[in-house]
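In what follows, a structure is listed as structure tokens, so that the remarks can point back to it.
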Amino acid sequence: MTKVLVIGSINDTGLIGLAQKVGNPEIHYLVLGTGDTSQLGKYGVTKAYLLTAQVDETSFAETLIGVINSNNYSVVIAPPASKFFKTAIPISAQKLLAPVIVDVLDLKQSDSAFEVTYNGVGNRAQVTVKVSDKVFLIAPPARFKPSEKATTVSTESLQPKVVTGVKVVSTEEKPKGKVRIEDAELIVSVGRGGFKKQEDLKLAFELAEVLGGAEVGCSRPIAADLKWLSEDHWVGLSGHKVRPKLYMAIGISGQPQHLAGMMEAKTVVVINSDPNAPFFKNCDYGVVEDLYKFVPALTKKLREILKK
Numbered sequence: 010m011t012k013v014l015v016i017g018s019i020n021d022t023g024l025i026g027l028a029q030k031v032g033n034p035e036i037h038y039l040v041l042g043t044g045d046t047s048q049l050g051k052y053g054v055t056k057a058y059l060l061t062a063q064v065d066e067t068s069f070a071e072t073l074i075g076v077i078n079s080n081n082y083s084v085v086i087a088p089p090a091s092k093f094f095k096t097a098i099p100i101s102a103q104k105l106l107a108p109v110i111v112d113v114l115d116l117k118q119s120d121s122a123f124e125v126t127y128n129g130v131g132n133r134a135q136v137t138v139k140v141s142d143k144v145f146l147i148a149p150p151a152r153f154k155p156s157e158k159a160t161t162v163s164t165e166s167l168q169p170k171v172v173t174g175v176k177v178v179s180t181e182e183k184p185k186g187k188v189r190i191e192d193a194e195l196i197v198s199v200g201r202g203g204f205k206k207q208e209d210l211k212l213a214f215e216l217a218e219v220l221g222g223a224e225v226g227c228s229r230p231i232a233a234d235l236k237w238l239s240e241d242h243w244v245g246l247s248g249h250k251v252r253p254k255l256y257m258a259i260g261i262s263g264q265p266q267h268l269a270g271m272m273e274a275k276t277v278v279v280i281n282s283d284p285n286a287p288f289f290k291n292c293d294y295g296v297v298e299d300l301y302k303f304v305p306a307l308t309k310k311l312r313e314i315l316k317k
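Take any residue in the sequence shown, note its place counting from 1, add 9, and you have its number in our numbering.
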């Protein structure tokens, strides 16, 4: 029986579906915060850890290492939902001399080895590697759906490890909006290539509203450099990875860093005045036109058709 540890929240249990791909797994779950752990038993989780204390990345990494060493987990699965995990998981893996594989698509067990498939080369290829020892996997919970297998869950409270030599004076989170871009089914995304000033982004927001409450995304320069939108909107390799039914890119050139965040979109529409923009090679529909002319006309026509 292979022991698998999943890290996540009580209400976002998709990664259990990835854990279930291991042959005959014993699945445990580490929860940061509080919650009713009994509902995890619906998906075959037999043990839950509760870490209710406030911890920083280093303290969490040391606590996680202690749990892994005490229970000899072969696979540790975590979400990429925040920079907290993106920092803490590599710290744990480095100290345990274990590999970290990100953007995981599939997991299979072959005897004592694991075959892991993930998006590689900037999401331009699917790569499968074989791991014969302990491994850390990072994957979006929304990609997987756990099957039901009712069990009884035992719960253990964890005390965080105290890291000597380091004292956290304070922890302040960046202000966050209400955008959950990674959950959106319709996204209108904006780039620096077409918009002249921040106020003009209203064209994209108006189009998103007409489409039925689509979310507005953006490329790196809009969020990281110009600060025209918060990082909640950022789509890309360093931002959020999305899987919408429709992804409409306005004024985005289509560099690999951005494509890595949206390659799983079902339908991609690109609007750009530059006919040589790389994005036109990675879309279903392309429009070569000045966004200041095309987007208002498109919004008006959709409003007429949809009667909004």
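Using N, Cα and C, we set each Cβ at its ideal position, and we do this for glycine too.
Given the structure is predicted, the values throughout are model-derived calculations rather than measurements.
Sub-7 Å separation of K224 and I261 beta-carbons:
Indexing the sequence shown from 1 puts residue 224 at position 215. Indexing the sequence shown from 1 puts residue 261 at position 252. The question names Lys, yet the displayed sequence has Glu at residue 224. The answer is no: Cβ separation not under 7 Å.
R312 to V219, Cα distance in whole Å?
Residue 312 sits at position 303 when you count from the first residue of the sequence shown. Residue 219 sits at position 210 when you count from the first residue of the sequence shown. Each residue's alpha carbon lies about 6 Å from the other.
Can you tell me whether E157 is buried or exposed, with buried defined as 16 or more other CB within 10 angstroms of its CB?
Numbered from 1 along the sequence shown, position 148 holds the residue referred to as residue 157. Exposed.
Return the CA-CA distance between L216 and A306, expressed in angstroms with no decimal places.
As a working mapping, residue 216 is identified with position 207 in the sequence shown. As a working mapping, residue 306 is identified with position 297 in the sequence shown. Looking at the backbone, the Cα of L216 and that of A306 are separated by about 10 Å.
On the DSSP bridge assignment, give the partners of G129 in chain order.
Here residue 129 refers to the residue found at position 120 when the sequence shown is read from its first residue. A134.
Would you list the residues sitting across from V15 in a DSSP beta bridge?
In the sequence shown, counting from the first residue as 1, residue 15 sits at position 6. Partner(s): Y38 and I86.
Closer than 7 Å, CB to CB, is V296 near chain C or not?
Going by chain labels, chain C is absent from the structure shown, which holds only one protein chain.
Y58, enclosing alpha helix (DSSP H) - first and last residue:
The residue given as residue 58 occupies position 49 in the sequence shown. Here Y58 belongs to no alpha helix (DSSP H); instead the beta strand (DSSP E) covers V54 to L60.
Would you call E240 buried or exposed, if buried means 16 or more other Cβ atoms sit within 10 Å of its Cβ?
Taking the sequence shown and counting its residues from 1, the one referred to as residue 240 is at position 231. It is buried - the Cβ of E240 has at least 16 other Cβ atoms within 10 Å.
Using the C-alpha atoms, what's the distance from G42 back to S163?
The sequence position of residue 163 within the sequence shown is 154, counting from 1. The sequence position of residue 42 within the sequence shown is 33, counting from 1. Near 16 Å, if we compare the C-alpha coordinates of G42 and S163.
What first and last residue would you give for the alpha helix (DSSP H) that runs through Q118?
Counted from its first residue, the sequence shown places residue 118 at position 109. Where Q118 is concerned, there is no enclosing alpha helix (DSSP H), although the beta strand (DSSP E) around it starts and stops at V113 to S119.
Residue from V130, G32 and F69 with nearest C-alpha to Q264:
Walking along the sequence shown from the start, residue 264 turns up at place 255. Among V130, G32 and F69, the Cα nearest to that of Q264 is on V130.
For V85, collect the residues of the same chain with a Cβ closer than 6 Å to its Cβ; drop the 5 residues on either side in sequence, then sort them by chain order.
Here residue 85 is taken as the residue at index 76 of the sequence shown, counted from 1. Around V85, the same chain offers L14 and F145 as residues with beta carbons nearer than 6 Å, after the five sequence neighbours per side are excluded.
Quick check for students: name the residue ranges of the alpha helix (DSSP H) that lie wholly in the region 236–286, counting only runs of 4 or more.
The DSSP assignment places 265–271 as complete runs of the alpha helix (DSSP H) inside the region 236–286, in order along the chain (cut-off: 4 residues).
Is the Cβ-Cβ distance between V199 and C227 less than 7 Å?
Along the sequence shown, one-based indexing puts residue 199 at 190. Along the sequence shown, one-based indexing puts residue 227 at 218. With contacts defined as CB atoms closer than 7 Å, V199 and C227 qualify as a contacting pair.
Between E273, A107, L114 and V113, which lies nearest to K143 when the distance is taken from Cα to Cα?
As a working note, residue 143 is residue 134 in the sequence shown. Comparing C-alpha distances from K143 to each of E273, A107, L114 and V113 shows the shortest one belongs to A107.
Quick one: measure Cβ to Cβ for Y58 and T22, integer angstroms, because I've assumed they're closer than 8 Å.
Within the sequence shown, numbered from 1, the residue matching residue 58 stands at position 49. Within the sequence shown, numbered from 1, the residue matching residue 22 stands at position 13. Contact flag wrong, Cβ pair sits at about 15 Å.
Distance between P34 and G221 (C-alpha atoms, nearest Å)
Residue mapping note: residue 221 aligns to position 212 of the sequence shown, counting from 1. Residue mapping note: residue 34 aligns to position 25 of the sequence shown, counting from 1. C-alpha of G221 to C-alpha of P34: approximately 42 Å in a straight line.
Assuming contact is defined by CB atoms lying nearer than 7 Å, are D115 and T126 in contact in what I supplied?
Taking the first residue of the sequence shown as position 1, residue 115 is located at position 106. Taking the first residue of the sequence shown as position 1, residue 126 is located at position 117. Yes, the Cβ-Cβ distance between D115 and T126 is below 7 Å.
With the cut-off set at 7 Å, would you say C292 and V304 are in Cβ contact?
Mapped onto the sequence shown, residue 292 falls at position 283. Mapped onto the sequence shown, residue 304 falls at position 295. With a cutoff of 7 Å on beta-carbon distance, C292 and V304 are scored as not near each other.
State yes or no: is the C-beta of I100 within less than 7 Å of the C-beta of A70?
Taking the first residue of the sequence shown as 1, we reach residue 100 at position 91. Taking the first residue of the sequence shown as 1, we reach residue 70 at position 61. In this structure, A70 lies closer than 7 Å to I100 by Cβ.
Please specify which runs of the beta strand (DSSP E), each continuous and at least 3 residues long, are wholly inside the region 186–222, giving them in chain order.
Runs found: 195–199.
Nearest-angstrom Cα distance between S79 and L39?
Position 70 of the sequence shown, counted from the first residue, corresponds to residue 79. Position 30 of the sequence shown, counted from the first residue, corresponds to residue 39. Roughly 14 Å between the two C-alpha positions.
DSSP three-state assignment for F145, whether helix, strand or coil:
Walking along the sequence shown from the start, residue 145 turns up at place 136. Three-state result, F145: strand.
Shortest alpha-carbon distance to G202 belongs to which of A28, E298, V54 and A151?
Within the sequence shown, residue 202 is the residue found at index 193, counting from 1. Per the Cα distances, E298.
Neighbourhood of L212 by C-beta distance below 6 Å, restricted to the same chain and skipping five residues each side:
Taking the sequence shown and counting its residues from 1, one reaches residue 212 at position 203. Closer than 6 Å at Cβ, skipping near neighbours: V304.
Around the C-beta of G270, are 16 or more other C-beta atoms found within 10 angstroms, so that it is buried, or is it exposed?
One-based indexing of the sequence shown puts residue 270 at position 261. That one is buried.
Cβ neighbours of I25 in the same chain (closer than 7 Å, five flanking residues each side left out)
As a working mapping, residue 25 is identified with position 16 in the sequence shown. Answer for I25: V15, I36, Y52, V54 and P155, listed in chain order.
Alpha carbon to alpha carbon, how far is L238 from A232?
Looking up residue 238 in the sequence shown gives position 229. Looking up residue 232 in the sequence shown gives position 223. So the two alpha carbons sit approximately 5 Å from each other.
Quick one: measure Cβ to Cβ for V31 and Q135, integer angstroms, because I've assumed they're closer than 8 Å.
Position 22 of the sequence shown, counted from the start, is the residue given in the question as residue 31. Position 126 of the sequence shown, counted from the start, is the residue given in the question as residue 135. About 19 Å separates the two Cβ atoms, so there is no contact after all.
Can you tell me whether G32 is helix, strand or coil according to DSSP?
By one-based count along the sequence shown, residue 32 stands at place 23. Note: G32 maps to coil in three-state DSSP.
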